[in-house]
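> Heads up, the sequence shown is in our numbering, so the first residue is 834 and it goes up one at a time.
Virtual Cβ for every residue (Gly too), placed ideally from N, Cα, C.
Shown below is the structure under consideration.
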Amino acid sequence: MAWLARHLKKRGFAVHRFPYHSRQASIADHAAQLRQFASALPNDTVHYVAHSLGGRVVWQLLNEYPNRKPGRVVALGTPFLGSRVAGVLAGSGWGRWLLGPGGIDGLLAPVRVGEKPPEIGVIAGISPYGAGRLLCRFDEPSDGTVAVAETRLPGATAHLTIRTTHTGLLLSPAVARNVSGFLATGHFPDAPAGV
């Protein structure tokens, strides 16, 4: 996320990176730590930009802690509806070890959708070249690790696909432009008209 953080700083955003290790704790534990981290920031508004499992951590935060600082959310390649690749990994001992508690409780099932979330935009990659192809077959658009269909969060403000891989979501100028645009306006600049 370092490259994306630099881009956002150049666009005038104060960037604070939340370090977490997905394999070391549950999604609920990470969300509680993120709440403490965000609460300590001097900013009145806190936006969140998260990649993959990180989007599930932010989603947990939004649902568990409704009294938080206002702000928008952009999730990059987050499998809100569960991950088939994680499902395959969870079927073996080494796969469960690789996923860790965060991956196991955060990637296998769809998120629970309660009240309308804050402004949340989702960006999914559509270049199907990633390690996930070694574990399962995607017959629909994907970023090689997460299928576009797995990223479709009910109630999201906006959903955008960009031609990049799962890892490429963190390095793409088009993604960076759309992240900064959504954080500033609540809309993706590259979204088709009427979307």
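Does Leu967 pass the burial test, meaning 16 or more other C-beta atoms within 10 Å, or should it be called exposed?
The residue in question, Leu967, is exposed, as its Cβ has fewer than 16 Cβ neighbours within 10 Å.
> Is it right to say Pro912 is buried, meaning 16 or more other beta carbons lie within 10 angstroms of its own, or is it exposed?
Pro912 is buried by the Cβ-count criterion.
> Counting only the same chain and skipping the five closest in sequence on each side, list residues whose C-beta sits under 6 Å from that of Arg856.
Hits under 6 Å: Gly933.
> Alpha carbon to alpha carbon, how far is Phe851 from Pro974?
Between Phe851 and Pro974, the C-alpha separation is close to 30 Å.
> Report back the beta-carbon spacing between Thr997 and Val1008 to the nearest angstrom; my notes put them in contact at under 8 Å.
Going by Cβ atoms, the distance from Thr997 to Val1008 rounds to 7 Å, so yes, they are a contact pair.
> Nearest to Gly963 by CA position, among Asn1011, Leu986, Gly977, is which residue?
Residue Gly977 is the option with its Cα nearest to Gly963.
> Within the present structure, is the beta-carbon of Asn896 separated from the nearest heavy atom of the ligand ZN by less than 8 Å?
Only the bare structure without any ligand can be found here, which leaves the ligand ZN out of the picture.
> Straight-line CA distance for Ser872 to Ala942?
Ser872 and Ala942: Cα-Cα distance of roughly 28 Å.
> List the residues that DSSP assigns as beta-bridge partners of Thr997.
Paired residues: none, contrary to the question.
> Let me confirm a value: Gly924 is counted as buried when at least 16 other C-beta atoms fall within 10 Å, else exposed. Which label applies?
Per the 10 Å Cβ criterion, exposed.
> Excluding sequence positions up to five away, which residues of its chain have a Cβ less than 7 Å from the Cβ of Gly915?
Counting only Cβ-Cβ distances below 7 Å, and skipping sequence neighbours, we find Leu940, Leu941, Ala942, Pro943, Glu983.
> Using the beta-carbon count (16 or more within 10 Å), is His884 buried or exposed?
Burial call: buried.
> Starting from His854 and walking both ways along the beta strand (DSSP E), at which residues does that stretch end?
Unbroken run through His854: none, as it is neither H nor E.
> Put Ser975 into one of helix, strand or coil per three-state DSSP.
Ser975: strand per DSSP, three-state reduction.
> Could you work out which residue in Leu886, Asp972, Gly1019 is closest to Thr990 when comparing CA atoms only?
Selected option, being the one with the closest Cα: Gly1019.
> So what's Trp1024 in DSSP terms, helix, strand or just coil?
Per the sequence shown, residue 1024 should be read as Ala rather than Trp. Coil, per DSSP.
> Assuming Asn876 contacts Lys902 (C-beta within less than 8 Å), just tell me the rounded distance between them.
Confirmed, about 7 Å.
> Ordered along the chain, which non-local residues of its own chain (more than five positions away) have a Cβ less than 8 Å from that of Val921?
Contacts found: Gly928, Leu968, Cys969.
> Sorted by chain position, which residues of the same chain lie with C-beta nearer than 7 Å to Phe870's C-beta, five sequence neighbours on each side aside?
Excluding sequence neighbours, Phe870 sits near Phe851.
> How many angstroms separate the CA atom of Phe846 from the CA atom of Ala835?
Going by the C-alpha atoms only, they are around 14 Å apart.
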